[in-house]
Structure formats: structure tokens, C-alpha cells
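Just so you know, my numbering puts the end of the sequence shown at 353, numbered straight through with nothing missing. First the structure, in the form of C-alpha cells, and then the observations on it.
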Amino acid sequence: MADRLETLMADIDEPVSLMHVCGSHEQAIAKFGLRSMLPDGLSVRMGPGCPVCVTNMPEVDEAVAIAEQGATVATYGDMFRVPGTKKSLADARADGASVEVVYSASEAVELAAANPEEEIVFFATGFETTAAPTAAILDADPPANFSVLSAHKYVPPAMEVVAEMPDVDIDGFLAAGHAATITGYGLFEPFVETYELPIVVGGFEPIDVLLAIERLLEYVRDGKAGLENAYPRCVSKAGNEQALETMWDVFETVPGEWRGIAEIPGANLVLRDPYAEYDARRRFDVEPVDDGPDPLTEQCICGDIMAGKADPDECDLFGEECTPSNPVGACMVSSEGTCKIWDEYGGHP
Ligand code: SF4
5 MADRLETLMA DIDEPVSLMH VCGSHEQAIA KFGLRSMLPD GLSVRMGPGC
55 PVCVTNMPEV DEAVAIAEQG ATVATYGDMF RVPGTKKSLA DARADGASVE
105 VVYSASEAVE LAAANPEEEI VFFATGFETT AAPTAAILDA DPPANFSVLS
155 AHKYVPPAME VVAEMPDVDI DGFLAAGHAA TITGYGLFEP FVETYELPIV
205 VGGFEPIDVL LAIERLLEYV RDGKAGLENA YPRCVSKAGN EQALETMWDV
255 FETVPGEWRG IAEIPGANLV LRDPYAEYDA RRRFDVEPVD DGPDPLTEQC
305 ICGDIMAGKA DPDECDLFGE ECTPSNPVGA CMVSSEGTCK IWDEYGGHP
């Protein structure tokens with residue numbers, strides 16, 4: 005496969021820049037040293053594919069505010085130490101608030117059922133892969149003491165924003181196979197038509213990633229846009245129709261700020277009115293904190309990294325003031341964050 009990529013790049017005979025939009029792809033690329041196999045002139049960059057990293061500080065602040073009002077906030081482990089404007093949920097717990105780490109939305113519901121005298125708020129983050137299960141539990145009449153603080157995000161509008169950024173030059177996108185398992189790869193057809201760029205859906209084994217890169221280079225060589233599913237053992241064109249139906253029954257899209265990237269139309273998922281009784285934003289006071297981030301946080305270039313404009317080692321704080329045990333930005337917290345991944349496995353070969 006490495007020889008094949010070499011041949012394709014020789015045919016193209018100019019630099020090519022591809023973007024993936026998934027922390028799991030970055031993990032596979034870094035963990036298996038795939039960048040060391042890429043021919044000269046081919047760069048594969050990470051885009052806005054880490055849901056924890058794009059969760060905005062005011063959303064973390066909302067979760068902290070709810071925990072400080074006496075409710076138990078349940079969230080995924082990756083969110084626990086993500087800094088808000090002043091505090092992370094880990095800080096709030098150290099100060100006496102009740103915060104629990106759960107592995108799934110259904111575990112948060114179990115927590116509510118086991119503790120009927122407590123308010124349990126599930127701080128729900130992630131893309132379509134986790135939004136669908138959150139929707140499923142809301143659709144199944146959870147206990148009255150259960151509610152959801154949704155920070156779920158919807159990827160396609162973010163890809164459009166990145167494709168339109170004047171200082172980001174991308175020749176093709178490697179789309180995430182697990183999200184496409186839910187959404188179906190047909191979802192990307194309008195994007196391909198509008199932006200005239202190739203998209204290939206890829207899996208997560210090293211050979212899956214290389215195969216998707218090979219397909220993208222074929223499109224680039226032929227000067228064509230197009231859509232291809234290079235992960236057919238999991239992904240279909242229509243996706244998981246039952247999961248999609250439930251997800252869109254429960255959630256609607258609204259404009260939302262993705263941390264460090266932009267205000268993106270239609271990219272945040274919030275509960276529709278019929279599910280208002282489970283909406284933590286309507287049940288609790290979640291007034292945003294407005295006294296500004298600390299100066300160290302302002303030096304974080306996580307947004308530029310997720311827009312494909314910079315690499316972690318271009319951040320002055322990388323590996324110095326910012327480490328996995330003392331993270332400044334969200335990209336150093338999540339196992340899907342580029343800075344954390346590069347800290348663990350290295351970045352450039
Ligand atoms: Fe932000 Fe830390 Fe990454 Fe720098 S190294 S961009 S401060 S998360």
C-alpha cells in the first residue's frame with residue numbers, strides 16, 4: 005500500500021493535503037506510525053473531529069453551574085477534566101460537587117433510577133455516534149429525576165465551514181466510519197456536489213486508513229470530486245435508519261459555537277420541545293460565566309489545530325505548561341484530542 009501511495013503521489017506530482025474529521029483516525033495514524041509511511045508531499049491533517057475538544061467553554065460552565073446547584077452531573081470520562089472558563093467538572097468535584105463518570109447514556113439513567121431522591125443530569129457530548137443513544141434513552145421514558153444537558157454536535161456543517169476557510173487548503177476528506185454507520189454515507193452527497201471535493205468514508209484499522217487515503221489520492225490524480233465508501237463492512241448508504249429517526253425525533257439543530265473554530269450554523273443538537281421536561285437548560289439555572297478565560301487558556305491554539313491550520317508542536321505550551329496531567333486546552337484532555345495523541349505517540353515521523 006505504501007508503494008501504491010508513492011506511485012499515486014508521483015503521478016499527481018504536487019503536494020496534497022487531506023483532512024480527516026475523527027479523533028479515532030488520528031489515534032490510528034499516530035499509534036501505528038502511518039505518517040512515516042506517507043510519501044513526501046502528502047499531508048494528512050486532523051480537522052474538527054474531537055467532540056470533547058469542540059465542546060465550548062460555556063457548555064462546560066453550564067455543567068459546573070448545575071453541579072454546584074446540588075444536582076449530580078454524570079458525564080463521559082473524557083469530559084471530566086476539560087477546563088471551563090474557571091473550572092472543570094473535576095475541579096467542581098474537588099470543591100464538593102457531585103460528579104460521576106459514566107460509560108453510556110443508559111448508565112446515567114440507571115444512576116437516576118437508583119437514586120430517585122437526587123437530580124441526575126447527563127452532560128451529553130459527542131457526534132452522531134453518541135447523540136443517537138442519548139436520543140434512544142430520552143425516547144424510552146427515563147425517570148423524572150433524569151435530565152440531559154446536551155452538548156451534542158453534528159459534523160457535516162463543520163466540514164462545510166472548514167472547506168470554506170480561505171486559509172485552509174484541503175484536497176479531500178476522510179470521513180469517520182463510525183459516525184457514518186449511523187448517518188449513512190449518502191449524507192455527504194450534497195457536500196461533494198457543492199464543494200467539488202472527494203470524500204471517502206474510512207474505517208479504523210491501519211489498512212482501512214491507508215485504503216481510504218489511496219482512494220482519495222485516486223480522485224485527486226483524476227481531478228474529480230466523488231463519494232466512496234471504503235468501509236462497507238459497517239457503513240451503508242442509508243445508515244441506521246431507526247437510530248436516525250429517533251435522533252431527529254428528539255434533537256433539532258441550532259447554530260452553535262465550536263470551541264476555537266467558529267459559530268457554525270446547524271451544528272449543535274438541542275432537545276425538541278416535546279422533550280423539554282428532560283432538558284437540563286430549562287430545569288436549572290445555567291447562566292453563563294462572563295469573566296473571561298485565564299491568560300494561559302488564551303494561548304491555546306486548539307481551534308487552529310482542529311481547523312487543520314496548525315499542528316500541536318506549533319503551540320508554545322505543548323509538552324511544557326500543557327501536558328495530559330495538567331491540560332490547558334481540551335485537545336490535551338481527550339483521548340481523541342490531537343495534542344493528547346501526539347503527546348502519547350508522537351506526531352511527525
Ligand atoms: Fe491547547 Fe495544550 Fe494543545 Fe497548546 S498543547 S493547543 S494549550 S491543548
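We put the beta carbon where it would ideally sit given N, CA and C, even for glycine. For clarity, every value in this text was computed on a predicted model and none was experimentally measured.
Assign residue i to one of two classes, buried (16 or more other C-beta atoms within 10 Å of its C-beta) or exposed (fewer than that).
i    : result
E340 : buried
T376 : Absent from the model: residue 376. The displayed extent of the chain is 5 to 353, so no value can be given.
E200 : exposed
R263 : buried
A34  : buried
E28  : According to the sequence shown, residue 28 is Ser rather than Glu. Burial call: buried.
S154 : buried
S329 : exposed
Q246 : exposed
Y107 : exposed
E222 : buried
A69  : buried
What span of residues does the alpha helix (DSSP H) with residue i cover, start to end?
i    : result
L214 : 210-226
A162 : 159-168
A97  : Residue 97 is actually Arg in this sequence, not Ala. Counting along the chain, the alpha helix (DSSP H) containing R97 begins and ends at 93-98.
S28  : 27-35
R287 : 284-287
P55  : 55-58
Tell me residue i's beta-bridge partners as DSSP assigns them.
i    : result
N244 : In the DSSP output, where bridge partners are listed per residue, N244 has none listed.
E122 : None; E122 has no bridge partner.
G206 : A180
R49  : M23
Out of the options, point me to the one whose CA is closest to residue i's CA.
i    : options                : result
P259 : D253, D317, I268, M251 : I268
H182 : G307, Y282, N244       : N244
R49  : V337, P316, M83, M251  : P316
A180 : D173, Y189, I174, S110 : Y189
M41  : L215, V113, E121, E66  : L215
P194 : D173, I211, P161, L178 : P161
A112 : G270, A6, T138         : T138
With C-beta atoms as the reference, is residue i less than 8 Å away from residue j?
i    : j    : result
F255 : A135 : yes
V86  : G51  : no
R225 : V204 : no
T129 : V20  : no
M61  : T89  : yes
Y282 : S151 : yes
V165 : A98  : no
G312 : I174 : yes
8 Å is my cut-off, CB to CB: does residue i come that close to chain B?
i   : result
E18 : The structure shown contains no chain B; it holds only a single protein chain.
Looking at the unbroken beta strand (DSSP E) that takes in residue i, where does it start and where does it end?
i    : result
I268 : 266-275
L22  : 20-24
V77  : 76-79
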